[in-house]
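Taking it in order: structure first as structure tokens, then the write-up.
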Amino acid sequence: MRRLVAWAGCVVVALLVAWYAGGQFAPAQPRPPAGSVRLGPDPGEPVAGYLARLPALLPVPGTSAPALVQLAAEVPTADAALLAGVMRVDSVVLRVPLARVQTALYFEALDPRIELPRALDTARQRAAHAAAAEAGRLTGRPGAVAAAEQAALADPGCACVVAFVVEGERAALETLAGRPGVRAVHAAPAGTTPVELALAPLLPEQTDRADPLPDDGPVPTAR
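Numbering (this note's numbering), first residue to last: 961 to 1183.
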């Protein structure tokens, strides 16, 4: 009888230890995969419908969230810094607008340790280097487009910022959305990390649907 009682006591102790260990060392909930939160219209989505659904996605008051700020037209980095104001900008999307020519989107993270105007300009320079690398790798029309992009991005005054990602509360995002030159502010769920974002900004030329742009225009000769 004593052995039975001792055995039962050991079982209870073992179960308690297992329960405690499970509570203390339970595996963390996995984060959503990289690129799982899309900011920007869905492919082919009507622009009017996309813009209409954005206000409901803003975070609740007092809560901060990342958001993609999409511009009505590409602007120089200095103008983008003025638009953002005091808000924290995590990354920028650059694009060289060429009439009826499909150009690349350059996604650049910003260094939070340096002032925003300089961080944006550094991002422009990195995009220029990336375009130069593509121009050296590609041939034909794609190579010519990359060369034209590199030439444009090399200019400090290039109007090439088409969107940027900020972090802010609802009131700040609403204020930003109302500024001249800002076409749309698409907020992610609160707590979304930069690595989870998939950025697909609405382009200025996309006025009816988020469809691919025409690619039948002449490519400017890079100087």
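By construction, the Cβ of each residue, glycine as well, lies at the ideal position given by its N, Cα and C atoms.
Note that the structure is predicted; figures quoted are calculated from it, not measured.
- Residue state for Q1030 is assigned as strand, using DSSP reduced to three classes.
- Taking 7 Å as the cut-off, the Cβ atoms of A1069 and A1182 do not count as close.
- For S1051 and R1097, the gap between their C-alpha atoms comes out near 26 Å.
- Residue pairing by DSSP puts L1054 in a beta bridge opposite Y1066, V1121.
- For D1002, the closest alpha carbon among the candidates L1159, P1116, A1131 is that of L1159.
- By DSSP's assignment, G1128 forms a beta bridge with A1025.
- In this structure, the beta-carbon distance from L1028 to V1142 does not fall below 7 Å.
- The criterion of a C-beta distance shorter than 7 Å is satisfied by P1026 and T1152.
- Membership of L1080 in the alpha helix (DSSP H) is indicated by the continuous run 1076-1097.
- In the DSSP annotation of this structure, the continuous segment of the alpha helix (DSSP H) that includes A1038 starts and ends at 1037-1044.
- Ranked by Cα distance from V1122, the options D1115, A1091, P1149, R1084 are led by R1084.
- A Cβ-Cβ contact shorter than 7 Å links L1113 with A1091.
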